[in-house]
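Q: This is the structure I want to talk about, given as C-alpha cells.
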Amino acid sequence: MKRYDPKELEPKWQQIWEETKLYEAKDDDPRPKWYQLEFFPYPSGITMHVGHVRNYVISDAFARYKRMTGHNVLHPMGWDAFGLPAENEAIKSGRSPQDSNRSNIKTFKRQLKAVGLSYDWSREINSSEPDYYRWTQWFFLHFLDKGLAYKAEAAVNWCPHDKTVLANEQVIKQGGVNVCERCGHEVEKRNLPQWFFRITDYADRLLDDLEDLNWPESVKAMQRNWIGRSVGAEIEFELLGITGQDEDKHKVSVFTTRADTLAGATFMVVSPELAQSWLEMDWKAPQTAKDYIAKAVLKSEIERQDDTKAKTGVDSGIRAINPMTKEEIPVWIADYVLGGYGTGAIMAVPAHDARDYEFARKFDLEIKPVVAEEFINQDSPWRPGVDIVEVEAVEVIAKHPTEDKFLMLERKNWEGDALGFVTGGVEDGESPADAAIRELREEAGLTDIDQAQATPFVVDAQFYHQHKKLNRRATIQTVVVTLKSLKSVPVSAQEKAINEPVWIERKDVKSRLFGEGSKKSFDMYLNDNFVHTGEGTIINSGEFNRVPSSEAREKITIKFGSEKVNYKMRDWLISRQRYWGAPIPVVYCKKDGIVPIPKDQLPVELPELETYQPADDGRSPLARATDWLHTTCPKCGGAAERETDTMDTFVDSSWYFLRFTDPHNDQAPFDKQKADKWMPVDTYVGGVEHAVMHLLFARFWTKVLYDDGMVKDKEPFKILRNQGLIGGSDGRKMGKRYGNFVAPDELIDKGYGADALRLYELFIGPYDQGVDWNPTGIDGTKRFLNRVWTLVQDHLDAGKARGDNTG
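The opening residue of the sequence shown carries number 1 in the working numbering; numbering runs sequentially from there.
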C-alpha cells in the first residue's frame, strides 16, 4: 500500500489545480454565483504566521463548500499594499517600499499557495500599482465633483513616531494614554489643513441600514456607537458679562437630548474650541481662562472623554440666562465638552447627568433636581374610594455617629414588616435640609446635627398611608444627615404610638426597607451617586410640574427651542503626511486655487525617492521631490504645485471588492454589468478590529456609488464573520519578538502537510473565538488524515484484488 506523503501529493495536485485553472471564476457561468472574500492582507511583514492563515482557511472552507453545492464561486486574493504598515516595514528593513512590497508579496503568495487555498489568482490586485490607484484617484475626483471631498484646517491627531495625521478611528486608549493604534506612541494635537470625505452626509443611512445586515451584533453595535445619532433639541441662551463686548448681542445655542431638564440647568459649559473662537472675536477673557484654553485644545478627544480622569475647568466670568427660569447661570469652560459635537456648548444639569454632577460637586455649583423617579408601592398600593393627597416630603438617611448602623423607624400598626427611614412633609418656607432636621427631632428625638445635605435624588411615590388612612402621592427628596452624637429630646406620645426608632446594621438595611424608592435611595447613598438619568415626573419646572418627562420634553422643545439631530461621527480624514500612498490628484495654482487633475491624465504616479522617511514639519516626503512637485496648472497653464499628502490606506480598501469583479479593466474602475453579477460579497471574513474603519468606510463608499447608479446594491457585504485570533503557545500575541512565531510553510515542510494544517486551524476552536496555538495539536489532524488515507487505500487494494474497477 502506498503511504500517505503530503510532501509528494500536495505539490502535485496544487500544480494541476493551477494548470487547469480549476478555481478561476467565469463571468458567463450560468450557475448561481457566490462571492467569497476575506480582508485582503497588508504585505507588511516578511512572512505570515499560522494566526494570519486562520482567516484564509475559514473563508476557503466556505468557498469549497459552495463549489460543492453547485455555485459559481468567486474567491479572489490581492494585496492592501499602500499605507503605514508597508512603509514602516520598508524603513525597518532599509529598503524602498517598492522593493519591500515586492519581496513580501512574493513570500505571502508562495505561502498561501503552499497552504492549498482555492484562490482565483487571475484576478490578483495590488493597491500600490498604478493600474489600481489610478482608479482610487478617479474616485477621489468623483467625490470632489460631488462635493463629498473637501479641504479644511482642523485640529488633528498627530503621531510623532509615524509623523503623520491619524483619523479618530486610529487613536486608541492604552494605559490611560491616547496612542497610535499602529505603533503605540502617544498622540499629539496639531492644527493642519487636511482633506476629508463627507461621510457624515450618509450617517442616517449607515445607521439605519445596519438592521438588514447579517453581521455580528457586536460589530453593528460598534458602528451604531461610533455614528452616535442623538435626537434632541437646540435651545438658545443669552450671554451676559462678555468683557469687551456689548451686552445685548451675544447668544449661544446648546444641543440637548433632555430638554425636559431645562429648568435644572444651573450652569453652562462651553468647549475650549468655542471659547477660543470667542477669543478670536476680541473677548477680553481672564488670564486663567486663556491659559486653560491653550492647554485644553491640545488634548485628544479620547483623553477628554475619559470618565476615569478628574474633571477640569475654569469659570469664564460670563453668565447665561436660562430661558425657562430666567435665572443667571455661570458659564464655565471645560474640556469634557467637545467642540466638534453639537454646538460646542452644553446646558449642565448636574442632578440628571453624571459628568455634570461630578463637575458641579468639584466646583461647588448648584444642583437642582427637576425629574422625580416614579415608584408605585406594590406592598401598600392606593385603595379605591380613598382621597389622593399630594405632598412634598423628605426622606432622611442618618448614620450612627460611631457605629455602622442607620436610623430606621419601625411602623406600628402597619401591615407587614415595615421599616422605613425618617420621613415627613416639607412645611411652607422650609428647605429640604431644614425639614429633615425637624423630622429627626420630632420622630426620633435626635438634635445633635453636624450637617444636613439635600441630594438631587427625588422620587414621585404613590402609596396608601396606613397611619393617615389616605392615598399619598409624595414628591420625596433624599436628605443625608451627619450626626455628631445621639443627644436627644423626648418624643411626643403621638409619635411613640406609631413609630419606634431602631438602629439597623448596614448589611440589613435594604432587606428591611419598605418601598422600592427608599431602596433605590439607599443604593445611591452607598455608591455616593444620587444622579437620576432616566425618565420620571417633572418637578421644580413651573407649568410643566407633574408632567411625564417624555411629554415635557416635546412641549419644552416647542416652547424654548427646535428639534435637532446630532452625530458623534466626524467626516473621514483621508490626508496622510507619508510617502507610501496614492497621491491626491490636485494641484495648487496661485491664480486658480485648488485644481483637480483631469481624469484622462490619471494616474498621478508616485515618484521613487531615495529618502522617503517622514519629517516632523507636517509635510509629506513628497514635498522634497522637487521635479515631481512643480508642474503646470491644468486650467491656466501657469506654474503650480502638486498636493504632497497621500491618501489613507483605507481609501484603497474601500472599493477593492468591486475591482475584483473586473480587475483588468483599463477604461473604468469596473464594468457595471460584471459588478452587478457578482456583488454583493456573499460572505466576508476578517477581524473585528476594523469594525469602525474599513467596514464603515466601505459601506459609505458603496452607498455613494449606489446613488450614482454605478452599483445595484446599497451594501457591499451581505454576511460578515469575524475570526478569533490565534495566540502563541505561551499565551502571548504571536510574533517573532516573543519567540512563539509559527510559520505555515515550516509545518508543511516538516511533513505535516497543508491539509493537516488547514484541518487543525478549522478544529482548533470555534472560528469566532481566540485560542492559543498548541504545538502538538496538528499531530492529531495528521494522524486522522493518515487513517483516512489508509482506509481509502485498503478499499482500493481490496477492489483490485477482486478485480473491481474502482481505481
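Glycine included, C-beta positions come from ideal geometry on N, C-alpha and C. Note that the structure is a prediction, hence the values are computed from the model and not measured.
Starting from V171, trace the beta strand (DSSP E) both ways and give me its first and last residue.
A: Within the sequence shown, numbered from 1, the residue matching residue 171 stands at position 171. That run of the beta strand (DSSP E) goes V171 to Q174.
Q: Taking only the alpha-carbon atoms, compute the straight-line gap between W580 and P41 and give it to the nearest angstrom.
A: Here residue 580 is taken as the residue at index 580 of the sequence shown, counted from 1. Here residue 41 is taken as the residue at index 41 of the sequence shown, counted from 1. Cα to Cα, the separation comes out at about 16 Å.
Q: If I measure Cβ to Cβ from R802 and keep anything under 6 Å in the same chain, skipping five residues before and after, which residues do I get?
A: As a working note, residue 802 is residue 802 in the sequence shown. Taken in chain order, the list of residues that qualify is empty.
Q: Using the three-state DSSP reduction, which class does D571 fall into: helix, strand or coil?
A: Taking the first residue of the sequence shown as position 1, residue 571 is located at position 571. In this structure, D571 counts as coil in the three-state DSSP scheme.
Q: Does the contact criterion of 3 or more C-beta pairs under 8 Å hold for the region 490 to 498 versus the region 515 to 524?
A: Short answer: they don't touch.
Q: Within its chain, find whatever has a CB closer than 6 Å to the CB of T702; leave out the 5 residues flanking it on each side and keep chain order.
A: Start at 1 with the first residue of the sequence shown, and residue 702 comes out as number 702. Result list for T702: P716, in chain order.
Q: Who are the near neighbours of V73 in its chain, counting only those whose CB is closer than 7 Å to its CB and skipping five residues on each side?
A: As a position in the sequence shown, residue 73 is number 73, starting the count at 1. A25, W34, Q36, A63, K66 and R67, listed in sequence order.
Q: Straight-line CA distance for V370 to T266?
A: Position 370 of the sequence shown holds residue 370. Position 266 of the sequence shown holds residue 266. Approximately 11 Å, taken between the alpha carbons.
Q: For S485, name the three-state secondary structure that DSSP assigns.
A: Counting from 1 along the sequence shown, the entry for residue 485 is found at position 485. The answer is coil: DSSP assigns S485 none of H, G, I, E or B.
Q: Locate the alpha helix (DSSP H) running through P432, then write down its first and last residues.
A: Working through the sequence shown from its first residue, we reach residue 432 at position 432. Unbroken alpha helix (DSSP H) run through P432: P432 to A444.
Q: Per DSSP, which residues does P501 bridge with? Please list them.
A: The residue you call residue 501 lines up with position 501 of the sequence shown. Answer is L409, bridged to P501.
Q: From T557 to E563, what does the alpha carbon distance come to, in whole angstroms?
A: Taking the first residue of the sequence shown as 1, we reach residue 557 at position 557. Taking the first residue of the sequence shown as 1, we reach residue 563 at position 563. Approximately 7 Å between the Cα atoms of the pair.
Q: For D450, which three-state DSSP category applies?
A: As a first step, residue 450 must be located in the sequence shown, where it is residue number 450. Here D450 sits in strand by DSSP.
Q: Roughly how many angstroms lie between the CA atoms of K109 and Y132, to the nearest whole one?
A: By one-based count along the sequence shown, residue 109 stands at place 109. By one-based count along the sequence shown, residue 132 stands at place 132. The straight-line gap from Cα to Cα measures roughly 19 Å.
Q: Rounded to a whole number of angstroms, what is the C-alpha to C-alpha distance between T47 and V53?
A: Residue mapping note: residue 47 aligns to position 47 of the sequence shown, counting from 1. Residue mapping note: residue 53 aligns to position 53 of the sequence shown, counting from 1. Rounded to whole angstroms, T47 to V53 spans 11 Å at the Cα level.
Q: Would A698 pass as a contact of T136 if the rule is Cβ separation under 8 Å?
A: In the sequence shown, residue 698 corresponds to position 698, counting from 1. In the sequence shown, residue 136 corresponds to position 136, counting from 1. No, Cβ-Cβ distance for A698 and T136 is not below 8 Å.
Q: Does DSSP put D708 in a helix, in a strand, or in coil?
A: Position 708 of the sequence shown holds residue 708. Residue state, collapsed to three classes: coil.
Q: Sort T69, E38, K113 and K106 by Cα distance to I16 and report the nearest one.
A: Locating residue 16 in the sequence shown gives position 16, where the first residue counts as 1. Cα-wise, what sits closest to I16 is K113.
Q: Quick check on the DSSP output: the beta strand (DSSP E) that includes W332 runs from which residue to which?
A: As a first step, residue 332 must be located in the sequence shown, where it is residue number 332. Unbroken beta strand (DSSP E) run through W332: E328 to I333.
Q: Following the continuous beta strand (DSSP E) through E38, name the residue where it begins and the one where it ends.
A: Locating residue 38 in the sequence shown gives position 38, where the first residue counts as 1. Run containing E38: K33 to E38, per the beta strand (DSSP E) assignment.
Q: Pull up the CB-CB distance for A81 and P30, whole angstroms please, since I reckon it's below 8 Å.
A: Start at 1 with the first residue of the sequence shown, and residue 81 comes out as number 81. Start at 1 with the first residue of the sequence shown, and residue 30 comes out as number 30. That belief does not hold up - the Cβ atoms of A81 and P30 are roughly 35 Å apart, past 8 Å.
Q: Would you report the Cα separation of F657 and P216, rounded to the nearest angstrom?
A: As a working note, residue 657 is residue 657 in the sequence shown. As a working note, residue 216 is residue 216 in the sequence shown. When rounded, the distance between both Cα atoms is 20 Å.
Q: Going by DSSP, name the residue or residues bridged to S562.
A: The count along the sequence shown starts at 1 and reaches residue 562 at position 562. Paired residues: E234.
Q: My understanding is that T256 touches G232, with C-beta atoms under 8 Å, so please give their C-beta distance in whole angstroms.
A: Start at 1 with the first residue of the sequence shown, and residue 256 comes out as number 256. Start at 1 with the first residue of the sequence shown, and residue 232 comes out as number 232. Confirmed, about 5 Å.
Q: Nearest by alpha-carbon distance to R783: which of F463, P11 and L759 is it?
A: Residue mapping note: residue 783 aligns to position 783 of the sequence shown, counting from 1. The option with the nearest alpha carbon to R783 is L759.
Q: Please list, in chain order, all residues of the same chain as V788 whose beta carbon is under 7 Å from its beta carbon, the five residues on each side excluded.
A: Here residue 788 refers to the residue found at position 788 of the sequence shown. The answer is none, since no qualifying residue turns up.
Q: Can H71 and Y119 be called in contact, C-beta distance under 8 Å?
A: Here residue 71 is taken as the residue at index 71 of the sequence shown, counted from 1. Here residue 119 is taken as the residue at index 119 of the sequence shown, counted from 1. No; because the gap between Cβ atoms is not below 8 Å, this pair is not in contact.
Q: For C183, tell me which candidate among L166, L192, P193 and R553 has the shortest Cα-Cα distance.
A: The sequence position of residue 183 within the sequence shown is 183, counting from 1. Ranking L166, L192, P193 and R553 by Cα distance to C183 puts L166 first.
Q: What span of residues does the beta strand (DSSP E) with P401 cover, start to end?
A: Counting from 1 along the sequence shown, the entry for residue 401 is found at position 401. P401 -> no beta strand (DSSP E), and no H or E assigned at all.
Q: Within the same chain, show all residues whose beta-carbon is closer than 8 Å to that of Y292, passing over the 5 residues directly before and after it, in chain order.
A: By one-based count along the sequence shown, residue 292 stands at place 292. For Y292, where only same-chain residues beyond five positions count, the Cβ hits under 8 Å are P272, T312, G313, V314 and I333.
Q: Is the separation between the beta-carbon of K829 and that of W79 shorter than 8 Å?
A: The requested residue 829 is not part of the displayed model; the chain covers only 1 to 807.
Q: Three or more beta-carbon pairs under 8 Å between the region 760 to 767 and the region 730 to 739, yes or no?
A: Segments in contact, no.
Q: Assign I105 to buried or exposed, taking buried as 16 or more other Cβ atoms, counted over all protein chains shown, within 10 Å of its Cβ.
A: Residue 105 sits at position 105 when you count from the first residue of the sequence shown. By the 10 Å Cβ count, I105 comes out buried.
Q: In or out: K368 buried (at least 16 other Cβ within 10 Å) or exposed?
A: Taking the sequence shown and counting its residues from 1, the one referred to as residue 368 is at position 368. The residue in question, K368, is buried, as its Cβ has 16 or more Cβ neighbours within 10 Å.
Q: Give, in chain order, every unbroken run of the alpha helix (DSSP H) that is at least 4 residues long and sits entirely within the region 130 to 197.
A: Complete alpha helix (DSSP H) runs here, min 4: 130 to 145.
Q: Output needed for G807: all residues of its chain with C-beta closer than 8 Å, excluding positions within five of it in sequence on either side, in chain order.
A: Along the sequence shown, one-based indexing puts residue 807 at 807. Confidence at G807 is low in this model, with a pLDDT of 49, below 50, so its placement is unreliable and the value that follows should be read with caution. Result list for G807: L796, G799 and K800, in chain order.
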